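Asker: 30 is the number of the first residue of the sequence shown in this note's numbering; add one for each residue after it. Don't be surprised by glycine CBs; every beta carbon is placed ideally from N, CA and C. Note that the coordinates shown come from a computational prediction; the quantities given were computed from them, not determined experimentally. My structure is below; once you've seen it, I'll send some questions.
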Amino acid sequence: MQLRETGHDAAPAGAGALPGFAAIDWSQPWFAQFARRGLRWQQAALTGYAALLAEMNADAAEMRLTTGRGQRLAFIAQDDLPAGAAYEAHIASTGCVPTRHNLHDFFNGSMWFAFPRIKAALNARQSAAIDALGVGPTRGGVRDTLTLFDENALLFACADPALSMALRGFDWQTLLVARRDAWGTSCEVRCFGHALLEKLIAPFKACTGHAWIVDVPAAYFEWDAAARDAWLDESVSTALLGTEALTSRMFAPLPVLGIPGWWPENESSAFYDDASVFRAGRRSR
30 MQLRETGHDA APAGAGALPG FAAIDWSQPW FAQFARRGLR WQQAALTGYA ALLAEMNADA
90 AEMRLTTGRG QRLAFIAQDD LPAGAAYEAH IASTGCVPTR HNLHDFFNGS MWFAFPRIKA
150 ALNARQSAAI DALGVGPTRG GVRDTLTLFD ENALLFACAD PALSMALRGF DWQTLLVARR
210 DAWGTSCEVR CFGHALLEKL IAPFKACTGH AWIVDVPAAY FEWDAAARDA WLDESVSTAL
270 LGTEALTSRM FAPLPVLGIP GWWPENESSA FYDDASVFRA GRRSR
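Written out as structure tokens, the structure is:
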């Protein structure tokens with residue numbers, strides 16, 4: 030089945046065929062956090078489109094997930110999106126997420142399970158903006174920021190303000206070299222953006238996410254992964270719903286392969302000498 034484009038940012042229809050699904054390496058740290066469910070979905074996707082939708086919907090029914098307007102979540106084939114319907118508005122009003130048989134939508138669906146409150150908050154804000162302003166040639170600043178979050182965000186959980194300041198200030202030597210031992214004890218990253226995850230199928234040094242800084246208590250790093258994710262889900266969704274003036278300057282760029290422990294080559298401090306990737310940036314931010 031040829032899948033038509035929907036208006037949500039994605040690879041072209043027909044992209045991300047079966048070799049793409051087979052290429053997911055769940056041992057990579059950016060995928061490992063989703064591996065338990067992802068492995069099942071991957072096998073279903075390799076079986077076929079209908080099998081993937083069935084697996085996603087079985088999980089959605091079991092977890093009783095809802096959208097930003099409280100509609101029960103379900104995943105539908107792309108061709109079931111009514112002609113002329115806005116993607117986010119359709120999800121909000123019906124609970125049905127149009128989903129193609131490709132990597133982009135596979136990872137988008139994964140985020141509804143990994144961080145359901147954040148996805149619901151993004152959908153609520155997007156659909157409210159569509160209700161107020163309609164669907165025009167441009168999204169506007171708030172919707173652009175929401176889309177950037179949805180597509181390319183990293184969640185930077187941090188209990189040490191000096192590390193957050195280093196990230197904001199493009200101080201890579203402090204964040205990634207001098208304070209390397211702080212990763213896992215005072216800061217860590219969760220991937221969120223589904224387009225970012227799609228790019229990381231074939232990782233490259235310049236691949237950069239938009240880090241959303243989340244201040245966490247020191248005790249956060251004593252919790253298990255499920256408790257951490259639940260805390261991030263609640264905290265970030267509350268911020269997204271409660272911050273009226275969302276702008277792209279609320280993010281900080283972070284090259285993914287520079288994250289300590291995420292790429293073998295960054296064990297050498299020389300890895301960070303590449304100024305084309307680890308840029309000086311705008312230190313006045």
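#1: Rounded to the nearest angstrom, what separates His306 and Gly67 at their Cα positions?
#2: Since His130 is in the beta strand (DSSP E), which residue starts that stretch and which ends it?
#3: On the CB-based measure, 16 or more other CB atoms within 10 Å of its CB, does Glu263 come out buried or exposed?
#4: Can Trp241 and Ala182 be called in contact, C-beta distance under 8 Å?
#5: Let me confirm a value: Gln72 is counted as buried when at least 16 other C-beta atoms fall within 10 Å, else exposed. Which label applies?
#6: Which runs of the alpha helix (DSSP H) at least 4 residues long sit entirely within the stretch 75-117? Give them in chain order.
#7: Less than 8 Å between the CB atoms is what I'm expecting for Trp24 and Leu229, so what's the real figure, rounded?
#8: When you compare each of Ser298, Ala274, Leu286 and Pro284 to Val171 by their alpha carbons, which one comes out closest?
#9: With 16 other CB atoms within 10 Å as the buried threshold, where does Leu110 fall?
#10: Identify whether Leu275 lies in helix, strand or coil by the three-state DSSP scheme.
#11: Report the rounded CA-to-CA distance for Pro232 versus Ser298, giving the unit in angstroms.
#12: So, helix, strand or coil for Gly213, using DSSP?
#13: How far does the alpha helix (DSSP H) with Pro232 in it reach, from first residue to last?
#14: Taking the straight line between their C-alpha atoms, what separation do you get for Ala158 and Ser122?
#15: What are the boundary residues of the beta strand (DSSP E) that Leu183 is part of?
#16: Among the residues of its own chain, which have a CB less than 6 Å from the CB of Ala281, if the five just before and after it don't count?
#17: Could you have a look at Ile53 and say whether DSSP puts it in helix, strand or coil?
#18: Quick one: any contact between the stretch 76-92 and the stretch 138-145, if contact means 3 or more CB pairs under 8 Å?
Answerer: Answer, in terms of the structure:
#1: Per the sequence presented here, residue 306 reads as Val, with His not at that position. Each residue's Cα considered, the two are about 30 Å apart.
#2: Careful: His130 lies outside any beta strand (DSSP E) and carries neither H nor E.
#3: exposed
#4: yes
#5: The residue is exposed, with fewer than 16 neighbouring Cβ atoms inside 10 Å.
#6: For the alpha helix (DSSP H) assignment, the uninterrupted runs of no fewer than 4 residues enclosed by the stretch 75-117 are, from N- to C-terminal side, 78-92.
#7: A query on residue 24 cannot be resolved here, the shown segment of the chain reaching from 30 to 314 and no further.
#8: Ala274
#9: Buried, by the Cβ-count rule.
#10: coil
#11: Approximately 19 Å between the Cα atoms of the pair.
#12: coil
#13: Per DSSP, Pro232 belongs to no alpha helix (DSSP H) and is neither H nor E.
#14: Each residue's Cα considered, the two are about 14 Å apart.
#15: Segment Ala182 to Cys187, the beta strand (DSSP E) holding Leu183.
#16: Leu196, Arg197 and Ala240
#17: Under the three-state reduction of DSSP output, Ile53 falls in the coil class, being neither helix nor strand.
#18: yes
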